[in-house]
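Report on the following structure.
Residue numbers (UniProt numbering): 1 to 453.
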């Protein structure tokens with residue numbers, strides 16, 4: 001159940017005093033005594049180490065061990081404990097988001113959630129745990145929460161004090177030191193028709209570059225990203241390059257596009273916020289990718305509290321190399337024969353559009369997995385305040401690289417009956433490669449010009 005951060009009603013004077021205190025400390029790191037809980041009462045990245053009182057959520061015991069057999073399902077023999085359907089929805093409603101409940105009402109005859117035993121499988125390399133503890137007593141928000149300072153690499157706020165700190169943990173969470181991934185993105189029409197779009201992406205972070213570029217180039221740099229559509233032919237050609245910054249108010253996201261037809265590179269400042277996402281058929285915004293990315297400055301953020309939720313987890317079945325995309329994609333939603341849900345604790349973070357700011361989403365509610373800081377569920381509301389889109393991240397651990405991430409993210413449009421699924425690699429060989437080492441020069445306008453030829 002939901003556990004509010006402030007359980008007692010405060011009188012006006014005390015409330016004002018509390019707000020003043022929060023305003024003065026919102027950007028402060030925790031002290032050494034608080035940080036000592038990491039690796040003890042808390043996991044090294046800040047989750048509750050203990051299980052739930054009813055034992056449905058187990059204690060964290062280090063997560064899955066590293067294995068070269070990435071796609072082998074350690075839980076293949078398990079059967080669902082029960083299945084949530086439109087008929088028994090009320091029995092489980094307290095542990096579902098409004099968006100999840102809406103999916104049952106939108107597709108009462110076909111949408112269901114098979115619920116399996118919960119396993120806390122998240123595990124990171126030791127250096128990630130060390131960085132999280134280092135950051136806990138040093139990292140701070142800057143410029144009203146729109147940037148970070150005194151921060152190293154990952155998880156700046158393992159013990160978050162507010163909503164902005166929690167969402168920054170998602171934005172900066174560990175996804176390897178560098179990677180190249182080839183996956184498909186599929187816009188599924190209301191009648192179930194679809195055409196896979198094959199996409200290649202390369203990503204790295206400044207701390208893991210093979211070379212040492214000038215400090216001026218990386219001082220405010222958070223990540224480097226290249227994206228190229230490889231199929232179908234009608235969508236191929238353009239190459240997108242993004243330099244994401246830690247403080248996008250101080251220095252906005254830098255984006256360039258190489259256009260094959262024009263044979264030139266041009267700046268693309270519109271690749272941000274609610275601009276349409278690449279090859280998404282209008283089904284996602286730019287900042288929907290990876291459940292949320294980019295600058296948080298257009299929203300006011302609130303850390304509501306922690307609760308238990310049924311979320312997609314340990315999605316080994318969905319990642320199976322034995323499945324074809326036609327096995328996974330169904331009319332209205334993913335085929336529930338291949339999905340897996342578990343009960344886990346999540347942080348609830350609400351983002352409300354600031355007065356005077358513009359975005360197609362007036363409100364977004366994020367449910368962030370406590371073990372990985374990955375957004376598991378996101379409910380999106382339109383300008384009228386109506387629930388519009390529901391996103392799910394189907395969590396998957398890349399055990400060969402100790403990278404908990406996802407095998408698919410799905411964005412359901414409740415109004416149109418269409419949905420977008422991104423990240424599937426079932427027919428793409430390895431899919432994700434975490435072994436590349438990149439130089440800074442690999443992420444320059446000159447580099448994407450070469451890729452586009």
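C-beta atoms are modelled at their ideal positions from N, C-alpha and C, and glycine is treated no differently.
Shown here, residue 38 sits in a strand according to DSSP, grouped into three states. With fewer than 16 other Cβ atoms inside 10 Å of its own Cβ, residue 83 counts as exposed. Listed as beta-bridge partners of residue 83 by DSSP are 114. The beta carbons of residue 248 and residue 314 sit no closer together than 9 Å. Minimum Cα-Cα distance from residue 119 among the listed residues 167, 106, 75, 104 corresponds to 75.
Residue 176 and residue 158 have their C-alpha atoms roughly 18 Å apart. Note on the region 154-197: whole alpha helix (DSSP H) runs with a minimum of 4 residues are 163-171, in chain order. Nearest Cα to residue 391 within the set 283, 50, 225: 283.
In the structure shown, residue 57 falls within a coil segment according to DSSP collapsed to helix, strand and coil. The secondary-structure analysis by DSSP pairs residue 323 with nothing; it has no beta-bridge partner. Linking residue 447 to residue 281 through their CA atoms gives a straight-line distance of about 28 Å. DSSP, read as helix, strand or coil, puts residue 383 in coil. Among the bridge pairs identified by DSSP, residue 422 is matched with 185, 409. Following the DSSP letters along the chain, one finds residue 135 inside the alpha helix (DSSP H) bounded by residues 126-136. The beta carbon of residue 129 lies closer than 6 Å to those of 44 in the same chain, with the five residues before and after it left out.
By the neighbour-count criterion, in which 16 or more other beta carbons inside 10 Å mark a residue as buried, residue 397 falls on the buried side. Exclusion of the five residues before and after residue 364 leaves 292, 299, 350, 351, 378, 379, 380, 381 as the residues of its chain whose Cβ lies within less than 8 Å of its Cβ.
Our two residues, residue 261 and residue 449, have alpha carbons roughly 12 Å apart in a direct line.
DSSP places residue 312 in the uninterrupted beta strand (DSSP E) bounded by 299-312. Within the DSSP bridge table, the entry for residue 378 names 366, 391 as partners.
Scanning 123, 303, 307, 165 for the CA closest to the CA of residue 141 turns up 165. Scanning 227, 311, 318 for the CA closest to the CA of residue 279 turns up 227. For residue 204, the pairing in a beta bridge is given by DSSP as 178, 224.
Residue 212 is classed as exposed because its beta carbon has fewer than 16 other beta carbons within 10 Å across all chains shown.
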